[in-house]
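Take a look at the structure below.
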Amino acid sequence: MAYANEDHWHNQRDHITRWLGQYNTNGYYNRANPSTSGRRFYNSFKCASGLLWLADALGEEAAVLHHGVEAIDAAGTNYASQCGAFRKVVPWARIVELAQPKLHVAGPTRWRAWR
């Protein structure tokens, strides 16, 4: 599996944290349309290892993660293709399902923002 810009962060948690820290701004990538949407983040983030880390951190089953890695590897070297392959195995709806029990402490208003 190929990883872009590994020298810019220490691990995928750091990568995602930095990326999201600038998400509602033009940020490092000079985003034309900054956002705060979790769904938009998940569907536009172009680092398959970051998506894999997120699913793992949220508690996805090992067998599903293994299938996701196989899909990433089969997708070739294009980052968008790798991420698309992983998202077919772990779609946004599954991320929401995994995250829901962890977000209940933030209250219902905060939870609605994830959908």
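Numbering-wise, the sequence shown is residues 6 to 120 according to this note's numbering.
We treat Cβ as the ideally placed atom computed from N, Cα and C, and that holds for glycine.
Checklist entry - Applying the criterion that 16 or more other CB atoms from any shown protein chain within 10 Å of the CB defines a buried residue, is Gln105 buried or exposed? => result Of the residues assessed, Gln105 falls on the exposed side of the cut-off, its CB having fewer than 16 other CB atoms within 10 angstroms.
Checklist entry - Should Ile100 be counted as a contact of the ligand NAD given a C-beta to heavy atom distance under 8 Å? => result Within the structure as shown, the ligand NAD is missing, as the structure has no ligands at all.
Item to check | His72, enclosing alpha helix (DSSP H) - first and last residue | outcome: Residues 67-79.
Checklist entry - Which two residues bound the contiguous alpha helix (DSSP H) that contains Asn48? => result First-last of the alpha helix (DSSP H) with Asn48: 43-49.
Next on the checklist: In whole angstroms, give me the CA-to-CA distance for Val69 and Asp61.
Outcome noted: In this model, Val69 and Asp61 are separated by some 10 Å (Cα to Cα).
Item to check | Beta-carbon proximity of Leu103 to Gly64, cut-off 9 Å | outcome: When the beta-carbon positions are compared, Leu103 and Gly64 come within less than 9 Å of each other.
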